[in-house]
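Numbering follows the UniProt record's numbering, in which position 442 of the sequence shown is assigned residue number 442; successive positions increment by one, without gaps. Even glycine gets a Cβ: it sits at the ideal position worked out from N, Cα and C. Note that this is a predicted model, so its numbers are computed, not measured. Data first, discussion second: the structure below is written as structure tokens.
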Amino acid sequence: MSYAAEYQRSIEFPEAFWKDKARALSWFTFPETILSKDDNGIDRWFADGQMNTAYMAIDYHVENGHGEQIAVIFDSPVSGQKSTLTYQQLLDEVAKFAGVLKSKGVEKGDRIVIYMPMIPQAVIAMLATARLGAIHSVVFGGFAPHELAVRIEDAQPKALVTASCGIEVDKRIPYKPLVDEAIALSAHKPDCCIVFQRPEVKAELSGSDADWATEMQTAQPAQCTPVNGSDPLYILYTSGTTGKPKGVVRDNGGHAVALKYSMNAIYNMQPGEVFWAASDVGWVVGHSYIVYGPLLHGCTTVVYEGKPVRTPDAGAFWRMTEEYGIKALFAAPTAFRAIRKEDPEANLLGQYDISSLKTIFMAGERLDPPTYLWTVDKTGKPVVDHWWQTETGWAICANPTGLETLETKPGSSTVPVPGFNVKVLDHVGEPLPAGEQGAIAIKLPMPPGCLPTIWGDCERFKQSYLEAYPNYYTSGDGGYKDDEGYIFIMGRTDDVINVAGHRLSTGEMEEVVAAHPMIAECSVIGVHDSLKGQVPVGLVLLKDGATIDEETLQKELVEMMRKEIGPIACFQRAVIVPRLPKTRSGKILRKLLRQIASNHLLSVPSTIDDPASVAEIQAIMQKQGLVKETSEE
């Protein structure tokens, strides 16, 4: 079926469409009720279906003769370790660790906090939790104790699973002291802490602590616990505007159906092929496309403990592709910007055979056209920019390569994925014509796989996502549709600045700045101007080896901006900086930069990669006169 026909059917007949897609999975009891309302009036998919996600992802494949197929490839350049798990081996490990959890009193509906590095045991712990019908909440390994404590208090886990350490490029991070401090800070205390000991660092155990290996020796394998389609599978915390993290809830049924469908429709993957999402299980990409999506579809997935650069060099992605025959590679644009910065001519790419690679997928932040064009040019591979959120769990817009490969347009995440009725709305909620920028919203019902609530706070869910525009989910992103229905995401709705009464997108300006051959990364923010209200300023990071002085660069960028956007942009300033504050997943913290510029109380998210970068950029902006003299609070 063509994309257009598939999409139209999904919007006009959503229940029939998703009932058909649900048949691709092995339910214990197939759902009779496809779409319903819960007690809070929220749409729910497959509420009365009986199932178990771990069964669908592992047992089913073993029972159907695929036990010897490789399920998980582990590659850790930071530790020098490599290993694989077949589907049968994965089943054995997951069933045994589920037995460990069961012996600690874990039952259906209990929560398990998982605080792990990128090792196979993180995947095993997630699937073992799901096997028991319990609910996991993975917290990015290395998060500060306070942030871990906040999540422990909110989720109230029965047990916590961790490892003795995480390994970075140049250091080892002992996890157990961080976990101990977090538990001490939290009003809620888990019954036990299970620790996987890594050879690089040995953790000291005490009290109710348990050793992973010791427990596994005597564990009795646990069977799959049936759950309803609407029962929660996991809680994943994302930053909230109040400072308190939002626990995004993912249900079992809709999640499995959506991810199974997406593996073919979006990623064009077939069972047995190798899929690599170069992310971390602490993020939604890791949940959806390191763990659940590939395994539900019977693919081989990759767990990579390393970076796109410096482990050991900017050829890491290409080495992985050749070594494991990777068909689809999914990473954030920032990964490719890092590769481009260190190896601008992609000289290292020539050392590897990447013929197995059919498509490169990027998401997690806006894919700027220069990064898109560089990647296409150097690799010769199609690049798919797709847009989604922690809240949706899978792509809202993409080039649906498994249905039909559409023309790509740099700067666009192509078209809405079947199930997502995407609209561009004005300030009163009326759809805007093609080409006009507004708020991106999704008409209800959302398709399966999207969040049905915030953990323990449905009112917050409604206020955050459903109240701005009645009958719509508000994405918080702004952009426009062109006359062919292609979606262009230009950034968060608060990335729009007002220059002398003109609303201008900093995303558009960033496209222009990023196109300069000397620039590796950039952020354009609005700073206070007594005459115009706001004016744009570019904070730019140069490529390694770039030789240009700030005055020359600024003149060239001003000329480029006048040519591409026009004098209306009022772009006059560009400041070279040594680094930009980012999250651990590589997103530039643009909101934080805006807070610094407006002299506002800083809200530094827990996901920041290097807290020291905040003071550094703040000092630079103050020295350059980019901080408003009076606070906006």
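Rounding to the nearest angstrom, what Cα-Cα distance links residue i and residue j in this structure?
i	j	result
residue 192	residue 163	14 Å
residue 334	residue 623	27 Å
residue 99	residue 128	8 Å
residue 7	residue 256	20 Å
residue 38	residue 467	18 Å
residue 454	residue 155	11 Å
residue 633	residue 612	Low local confidence applies: a pLDDT of 47 at residue 633 is under 50, so the model's placement there is unreliable, and no value is given.
residue 65	residue 482	47 Å
residue 30	residue 16	14 Å
residue 138	residue 605	17 Å
residue 629	residue 599	7 Å
residue 539	residue 531	22 Å
residue 502	residue 579	30 Å
residue 362	residue 533	35 Å
residue 132	residue 107	6 Å
residue 49	residue 253	7 Å
residue 314	residue 544	12 Å
residue 504	residue 188	46 Å
residue 266	residue 401	5 Å
residue 581	residue 609	8 Å
residue 419	residue 546	45 Å
What is the C-beta distance between residue i and residue j, in whole angstroms, given that I count them as a contact (C-beta under 8 Å)?
i	j	result
residue 507	residue 493	Not a contact, Cβ separation roughly 11 Å.
residue 391	residue 451	5 Å
residue 394	residue 259	6 Å
residue 23	residue 36	Between residue 36 and residue 23 the Cβ distance is about 19 Å, and since that is not below 8 Å, they are no contact.
residue 174	residue 203	7 Å
residue 233	residue 130	6 Å
residue 87	residue 62	5 Å
residue 399	residue 376	About 13 Å; that fails the 8 Å criterion.
residue 305	residue 78	6 Å
residue 326	residue 276	5 Å
residue 169	residue 307	6 Å
residue 436	residue 480	6 Å
residue 441	residue 423	5 Å
residue 339	residue 317	7 Å
Using the rule of at least 16 other Cβ atoms within 10 Å of the residue's Cβ for burial, across every protein chain shown, is residue i buried or exposed?
i	result
residue 463	exposed
residue 136	buried
residue 601	exposed
residue 594	buried
residue 439	buried
residue 445	buried
residue 639	This structure cannot speak to residue 639, because the chain is shown only from 1 to 633.
residue 330	buried
residue 373	exposed
residue 28	exposed
residue 428	exposed
residue 13	exposed
residue 228	buried
residue 487	buried
residue 41	exposed
residue 247	buried
residue 57	buried
Beta strand (DSSP E) containing residue i: first to last residue?
i	result
residue 487	487-492
residue 277	274-277
residue 10	First-last for residue 10: 3-12, but that is the alpha helix (DSSP H), not the beta strand (DSSP E).
residue 176	Residue 176 -> not in any beta strand (DSSP E); alpha helix (DSSP H) instead, spanning 176-185.
residue 521	519-529
residue 122	Careful: residue 122 lies outside any beta strand (DSSP E), inside the alpha helix (DSSP H) at 120-131.
residue 477	472-481
residue 111	111-115
residue 136	135-138
Span of the alpha helix (DSSP H) holding residue i?
i	result
residue 455	Note, residue 455: premise wrong, no alpha helix (DSSP H); not H, not E.
residue 619	612-623
residue 352	Segment: none, residue 352 is in no alpha helix (DSSP H) and carries neither H nor E.
residue 87	87-103
residue 339	333-342
residue 324	316-324
residue 163	Unbroken run through residue 163 is the beta strand (DSSP E), 159-163; no alpha helix (DSSP H).
residue 509	506-514
Exercise. At what residue ranges does the segment 369-445 contain a whole run of the alpha helix (DSSP H), taking only runs of 4 or more?
Worked result: List check, alpha helix (DSSP H) in window: 369-379.
Exercise. Whole alpha helix (DSSP H) runs in the segment 536-595 with 4 or more residues, listed along the chain?
Worked result: For the segment 536-595, whole alpha helix (DSSP H) runs of length 4 or above, ordered along the chain, are 550-564.
Exercise. Hey, which unbroken runs of the alpha helix (DSSP H) at 4 residues or more fall wholly within the segment 18-72?
Worked result: With a minimum length of 4 residues, the continuous alpha helix (DSSP H) runs that stay inside the segment 18-72 are 60-63.
For this session: Identify every run of the alpha helix (DSSP H) within the segment 193-268, keeping only runs that are complete inside it and at least 4 residues long; order them along the chain.
Result: Segments of the alpha helix (DSSP H) lying fully in the segment 193-268: 212-218 and 252-265.
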